[in-house]
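Read through the structure below, which is laid out as structure tokens, and then see the notes.
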Amino acid sequence: MKGRVLSGMQPSGRLHIGNLLGALQNWVELQERYECYYCIVDWHALTTGYANPEVIGEYSKDLLLNYLAAGIDPDKCTVFLQSKVYQHAELHLLLGMITPLSRLERVPTYKEKQTELKEKDLNTYGFLGYPLLQTADILLYRAGYVPVGVDQEPHIEITREIARRFHHLYEVDVFVEPETLLTKFPKVVGTDGRKMSKSYENAIYLSDSPDVVEKKIKTMMTDPARERRRDPGTPELSPVYHLHKIFSSEQELAHVANGCRTAEIGCIDCKKILVKNVLHVLDPIWKRREELNHNPSYLADVIEEGNKKASVTAEETMSLVRGAMKFQ
Ligand code: TRP
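So for the sequence shown, the working numbering puts the first residue at 1419; every next one is plus one.
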């Protein structure tokens, strides 16, 4: 039998090429070899966005569009919406009974995100419970593998601990302790050299038009030592070079690196090659987004079918959980 994979993304806005390379492309490869469950975790979006819940539905639809446009194939895996599979809420509640508060307070993302999002009041039970809701997502499908970036490792660790605690308390093994499947490109830099992120306004979005992508790349930061065209530079100091490493061929990479060190090519020439390669990757995704946009009934069918399939697996696990807790 194929191993089982579960992963999810929050519908909290547009997706950028960092999400595409860091996660989605990996998910697409995994669907060939594993039994995959890909969730749109809309309840998670409430943990920080509870004051504006009205946008989450639209974002969820857009996320589904991006999943499919990037190549997630609903014939090969299960794509579903967390809030339509109530077992996530039930398992979250039950696991809450056995989870020490101090353990949740120790999760590094708790303090970090609270500091990062100072403008929001995140002194809520839901925000503290974020990693436990994620734990429920994963354990509910008894997934052995969770493809995520390094920043999520503390959440996979708490998932394993809670599974062990449950098994120890109720003396029966119902869950699978998951492993992290780290992605090849965990970190993609943005146009200013920092990590690509929505909050830094340095991202290239899947929904950007070709003109916008071109403009964003052409105004990207480069090695500050290359003030004039004839000044030689150090490619490693330029975020443009970092993106070349991801998007460009070996030959192109060698060409721009040498050209930069010897000042044989200028930054504009270097960026033109990057624009061409980024557009080449995004073009088929734009085309598919466009097609899918004209087919809302197909999207509705995909998610309904996925919700049904996910509910069957979730219910299997929940009946074991209720049994273990003598709550049948
Ligand atoms: N916390 C994850 C993130 O921010 C999203 C997520 C929620 C998730 N539930 C999950 C990821 C279950 C993997 C498995 O990226």
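Built from N, CA and C at the ideal position, the CB exists for glycine as well.
If you follow the beta strand (DSSP E) that residue 1608 is in, where does it begin and where does it stop?
First-last for residue 1608: undefined, no H or E at that position.
Report buried or exposed for residue 1516, applying the criterion of at least 16 other Cβ atoms within 10 angstroms of its Cβ.
Its Cβ having fewer than 16 others within 10 Å, residue 1516 is exposed.
Can you tell me where the alpha helix (DSSP H) with residue 1739 in it begins and where it stops?
Element bounds for residue 1739: 1714–1742.
Considering only their Cβ atoms, is the gap separating residue 1542 from residue 1567 smaller than 8 Å?
Their beta carbons are not under 8 Å apart, which means residue 1567 does not touch residue 1542 by this criterion.
For residue 1635, which of 1704, 1484, 1696, 1489 has the nearest alpha-carbon?
For residue 1635, the nearest C-alpha among the options comes from 1696.
DSSP puts residue 1615 in a beta bridge; with which residues?
In DSSP, residue 1615 forms no bridge with anything.
On the CB-based measure, 16 or more other CB atoms within 10 Å of its CB, does residue 1438 come out buried or exposed?
Residue 1438 should be labelled buried.
Let's test the definition: count the other Cβ atoms within 10 Å of the Cβ of residue 1644 and tell me whether it reaches 16, buried, or not, exposed.
Answer is buried; the Cβ neighbour count reaches 16.
As an exercise, report each continuous alpha helix (DSSP H) stretch of at least 4 residues that is fully enclosed by the stretch 1616–1671, in chain order.
The stretch 1616–1671 contains these whole alpha helix (DSSP H) runs: 1628–1636, 1657–1665.
CB-CB under 8 Å to residue 1679, same chain, minus the five flanking residues each way: which ones, in chain order?
Counting only Cβ-Cβ distances below 8 Å, and skipping sequence neighbours, we find 1650, 1651, 1652, 1653.
Report whether the distance from the Cβ of residue 1497 to the nearest heavy atom of the ligand TRP is below 7 Å.
The answer is no for residue 1497.
Measuring from the CB of residue 1555, is there a heavy atom of the ligand TRP at a distance below 7 Å?
Under cutoff, so the answer is yes.
Does at least one heavy atom of the ligand TRP sit under 7 Å from the Cβ of residue 1570?
Under cutoff, so the answer is yes.
What are the boundary residues of the beta strand (DSSP E) that residue 1598 is part of?
Per DSSP, residue 1598 belongs to the beta strand (DSSP E) from 1597–1600.
Considering only residues of the same chain and omitting the five flanking positions on each side of residue 1471, which have a CB-CB separation below 7 Å?
Correct list, in chain order: 1464.
May I ask whether a heavy atom of the ligand TRP can be found less than 7 Å away from the beta carbon of residue 1684?
It does not: the Cβ of residue 1684 is nowhere closer than 7 Å to a heavy atom of the ligand TRP.
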